[in-house]
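K.L.:
Below: one structure in structure tokens.
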Amino acid sequence: MKRFFSTIAIVLMLATTTVSAQKTKPIYLDNNAPIEQRVEDALSRMTLHEKIQVIHAQSKFTSAGVPRLGIRQLNMDDGPHGVREELEWNTWSPAKWTNDSIVAFPSLTCLAATWNRDLAALYGNALSEEFAFRGKDILLGPGVNMARMPLNGRAFEYMGEDPYLAGEMVVPYIKAAQANGVACCIKHFFMNNQEVDRFTANVNASERAINEIYLPAFKKAVEEAHVWCVMGSYNLWQGIHCCHNDSLLNGILKRQWGFDGAVISDWGGTTDTWQAATGGLDIEMGSFTDGKIKESEFTYDDYYMARPMETLIKEGKLDVSYLDDKVRRVLRTMFRTCMNPDKAIGKQCSEDHYEACQAIGEEGITLLRNEKNILPIAPERYKKILVVGENATRSLTQGGGSSELKTLRDISPLEAIKKLYGNKVDYAQGYLSGRALYDQVDEVIPSERVRLREEALRKAKEADLIIYIGGLNKNHKEDCENGDRLGYDLSFEQNELIQGLAKIQKNMIVITFGGNPYAMPWLKNIKGLLHCWYLGSMGGDALAGVLSGKVNPSGKLPVTFAKSLEDYPYYQYGKKAYPGVNKQVYYSEGIYIGYRHFDTRKVEPQFPFGYGLSYTSFKYGKPMLSSPSITNDAPITVSVPVTNTGKVSGKEIVQLYIGDMECSVDRPRKELKNFVKLDLAPGETRMAEFTITLDDLKYYSEAIHDWTVEPGTFRAYLSTNSSDEGCYVEFNY
Ligand code: BGC
């Protein structure tokens, strides 16, 4: 009996202990508690100094946690095509780890060229798994700045010239990445559309251009994908740096769009304590870098949002509510990522990541010319295949700036072509670009380039097929951060080389890499042209799939390829429009960037936005409308049957553009409002069907500072590219 009572006593004691332990367990550590409660609880326990510590960097790529409370630091990394090599704690030098080689995914321009929302989700999932495995909480990307002009050194990191396409592609990427507990940090907010003077340029654009062109992709990321972090851009807007621009960050991003996450500065993009404290910035990173101020003279405590901000609060000059708002946002980010029990463990360099990389690359490769069906290559037709060009062997994952990657696997085009065609293949480098040096141009001895060209021309005489592999690369002043291209032509005397080769051999296929369009004076002299953007680790294999016909190309251009630089809309406005005069850049072309300009002003492009060929052919049938008119609450649908009329399976991207036939304000002839990618077997017909809502008809009115639409007739074009206006229906509002 005694024993029975003592057992009961022990049970009771244990139960009481558990109950009291449960009672005292702080809410912020309770994984089951709602995030907002955890945030408030954690905030209430933090000292002023601890709060200050979490809103600025403590190393190149981390911001502090609260060790006393068991709150972890935030680990960030570039982004956006793979996890960047580990750097030293305090410098830009590689840490020389031996386990940080990763999968390089295709560039975001390539992803945009797939026009495939499912692939964007695949990308976000695979990439974030690599981030999670490396212990990262914030992925510094994706980027959705607009391709306003074709010289931008960072266009390859973005998703083209159309805000609808970029927005549609970025949403699944972000949703899939964040489902793994890795925050995306969409960048660079906003109008960071050139690299020249990127730290100092003040960008002036009309209210309409801002709302119709430069904000929508970011807005979609916030409103539809609920992106957790946003990176402010270096440039200024209304005279204030975008990293702490009150109107932009507090006004548009946080109040209008309801963004509840953290704004992170671009590295070194913070310039003022008061503006940083009050202008919407939440985490200050990378200050005193980029050679602006000698880093060794400063500690992290000297950051604008460190001791200087703490002093303002202590002296009663700054209300602590500014700080609390930032800390709430930082804590929210922590509970979503590093303090999230469901955060994925992830994996690195797994076979399914390589497969994802290859699948995205294969669908992004864009076929621009295919005379006499030179592609896919019928190997039995050729005895000697000469591959020419530096990009056949050069790593295109290195260079480019912060998106540079250290890969375990990096399959070159030459390697893959040799796998396909064995000893029929010979190679000549043809040209030399110099090494990928960030911030410098590595000059090449001119005689060396001539020697290489002569060798290629000599070998061309013995070949019956030439595969030229060149284009841009990741050198500074090509596709690389902190500099723009110097001109629209391909560099390194490639035009002369291609012309020379084409004179010798009519069977010539040109394959280019690059994030930007370029001039093609030799186009008529070659038979095949493929543009590959950047393809990442599996680049060679992805390309080989298309060359051999195993893969039917289905990419379409997310940017217009103009015939010459002068044809771009900004160009006619001179230096004021680019690169700017006295640090002022005027977007005088307004809303008319890309196809909106070429289409409306009838300037014939080399290849229009949305263009890309296939190894099969498609026929569009008669388009149909569900109703001849649209009303405020009744959307309509438009559909068109599309048939694969060729002999092989293929994918067609059907694009819906809408044009307003008459309006009191100037409007683009038509604008992209939807798209679908159909997979069709030979002879198969499927319907492309789109819902049109009133929002699809609206423009931004500067008179009422809002979106509006005027009654009248509208045209819905069902197009294979933006220049194709053959298939349309009209309806009224
Ligand atoms: C770039 C950002 C990048 C950051 C960190 C900056 O120079 O503009 O895109 O995320 O550096 O590397």
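Numbering (this note's numbering), first residue to last: -7 to 725. Glycine is no exception: its CB is placed at the ideal position from the N, C-alpha and C atoms.
Please tell me whether E149 and L100 are closer than 9 angstroms, where the distance is taken between their beta carbons.
P.N.:
For E149 and L100, yes; Cβs fall inside 9 angstroms.
K.L.:
Hey, would you say Q731 sits closer than 9 angstroms to I94, going by beta carbons?
P.N.:
Given that the chain is displayed from residue -7 to residue 725, the structure contains no residue 731 and the question cannot be resolved.
K.L.:
Find out if the Cβ-Cβ distance for the pair R109, P164 is shorter than 9 angstroms.
P.N.:
Closer than 9 angstroms, so yes.
K.L.:
In the segment 149 to 226, which residue ranges form an unbroken alpha helix (DSSP H) of at least 4 residues, counting only runs that do not cross its ends?
P.N.:
The segment 149 to 226 contains these whole alpha helix (DSSP H) runs: 155 to 170 and 208 to 215.
K.L.:
Can you tell me whether G283 is buried or exposed? The criterion is at least 16 other CB atoms within 10 Å of its CB, across all chains shown.
P.N.:
Here the model assigns G283 a pLDDT of 46, short of 50, so the residue's position is not dependable and the matter cannot be decided.
K.L.:
Can you tell which of A56, G74, E722 and T39 has its C-alpha closest to the C-alpha of L397?
P.N.:
When only C-alpha atoms are compared, the closest one is G74.
K.L.:
Taking 8 angstroms as the cut-off, does the CB of S120 come closer than this to any heavy atom belonging to the ligand BGC?
P.N.:
Answer for S120: no, Cβ out of range of the ligand BGC.
K.L.:
Would you say the beta carbon of K614 comes nearer than 8 angstroms to a heavy atom of the ligand BGC?
P.N.:
No - the ligand BGC has no heavy atom lying nearer than 8 angstroms to the Cβ of K614.
K.L.:
With DSSP collapsed to three states, give me the class of M500.
P.N.:
Strand, per DSSP.
K.L.:
Closest to S540 by C-alpha separation, out of G492, E372, I684 and I205, would be which residue?
P.N.:
Nearest option by C-alpha distance: E372.
K.L.:
Taking the runs of the beta strand (DSSP E) that are 3 residues or longer, which of them lie wholly in the segment 45 to 120?
P.N.:
Correct list: 66 to 69.
K.L.:
Exposed or buried, H697, counting other C-beta atoms within 10 Å across all chains shown (16 or more means buried)?
P.N.:
Flag for H697 reads exposed.
K.L.:
Would you report the Cα separation of C524 and N194, rounded to the nearest angstrom?
P.N.:
Rounded to the nearest angstrom, the two C-alpha atoms are 33 angstroms apart.
K.L.:
Round the Cβ separation of G253 and V219 to the nearest angstrom and send it over; I've been treating them as touching at under 8 angstroms.
P.N.:
Contact flag correct, Cβ pair sits at about 7 angstroms.
K.L.:
Considering only their Cβ atoms, is the gap separating A336 from E78 smaller than 9 angstroms?
P.N.:
No, the Cβ-Cβ distance between E78 and A336 is not below 9 angstroms.
K.L.:
Taking C-beta to C-beta, are L111 and I352 nearer than 9 angstroms?
P.N.:
Yes; because the gap between Cβ atoms is below 9 angstroms, this pair is in contact.
K.L.:
DSSP three-state label for Q340, please.
P.N.:
Three-state DSSP puts Q340 in coil, outside helix and strand.
K.L.:
Cutting at 8 angstroms between CB atoms, please list the residues of its own chain near K568, excluding the five before and the five after it.
P.N.:
Result list for K568: Q576, V577, Y578 and S580, in chain order.
K.L.:
CB-CB under 7 angstroms to G393, same chain, minus the five flanking residues each way: which ones, in chain order?
P.N.:
Counting only Cβ-Cβ distances below 7 angstroms, and skipping sequence neighbours, we find Y430, C472, E473 and N474.
K.L.:
Quick check on N624: does DSSP put it in helix, strand or coil?
P.N.:
Of the three classes helix, strand and coil, the one that applies to N624 here is coil, per DSSP.
K.L.:
Examine the ligand BGC and report whether any of its heavy atoms sits within less than 8 angstroms of the Cβ of R76.
P.N.:
R76 Cβ: within cutoff of the ligand BGC.
K.L.:
Mark E204 as exposed unless 16 or more other C-beta atoms lie within 10 angstroms of its C-beta, in which case mark it buried.
P.N.:
E204 comes out buried.
K.L.:
Please determine whether the Cβ atom of G135 lies at a distance below 8 angstroms from any heavy atom of the ligand BGC.
P.N.:
Result yes, Cβ under 8 angstroms from the ligand BGC.
K.L.:
Sorted by chain position, which residues of the same chain lie with C-beta nearer than 6 angstroms to A217's C-beta, five sequence neighbours on each side aside?
P.N.:
Answer for A217: V163, I166 and K167, listed in chain order.
K.L.:
Could you say if the segment 510 to 525 and the segment 480 to 487 meet the contact criterion of at least three C-beta pairs nearer than 8 angstroms?
P.N.:
The segment 510 to 525 is in contact with the segment 480 to 487.
K.L.:
Is the beta carbon of E302 within less than 8 angstroms of some heavy atom of the ligand BGC?
P.N.:
Because no heavy atom of the ligand BGC lies under 8 angstroms away, the Cβ of E302 does not count as near it: no.
K.L.:
Taking DSSP as the reference, what is the three-state secondary structure of H589?
P.N.:
Helix at H589.
K.L.:
Does DSSP put R659 in a helix, a strand or coil?
P.N.:
It is coil, neither helix nor strand.
K.L.:
Less than 8 angstroms between C-beta atoms, sequence neighbours within five positions excluded: which residues of the same chain meet that for K802?
P.N.:
Nothing about residue 802 can be reported from this structure: the residues present for the chain run from -7 to 725 only.
K.L.:
Anyone know if the C-beta pair for Y726 and T263 falls short of 9 angstroms?
P.N.:
Since the first residue of the chain shown is -7 and the last is 725, residue 726 is not available in this structure.
K.L.:
Let me make sure I understand the geometry here. Which of I63, P660 and A370 has the alpha-carbon closest to that of D22?
P.N.:
Residue I63 is the option with its Cα nearest to D22.
K.L.:
Over the uninterrupted beta strand (DSSP E) stretch that includes D652, give me the two end residues.
P.N.:
Run containing D652: G642 to D652, per the beta strand (DSSP E) assignment.
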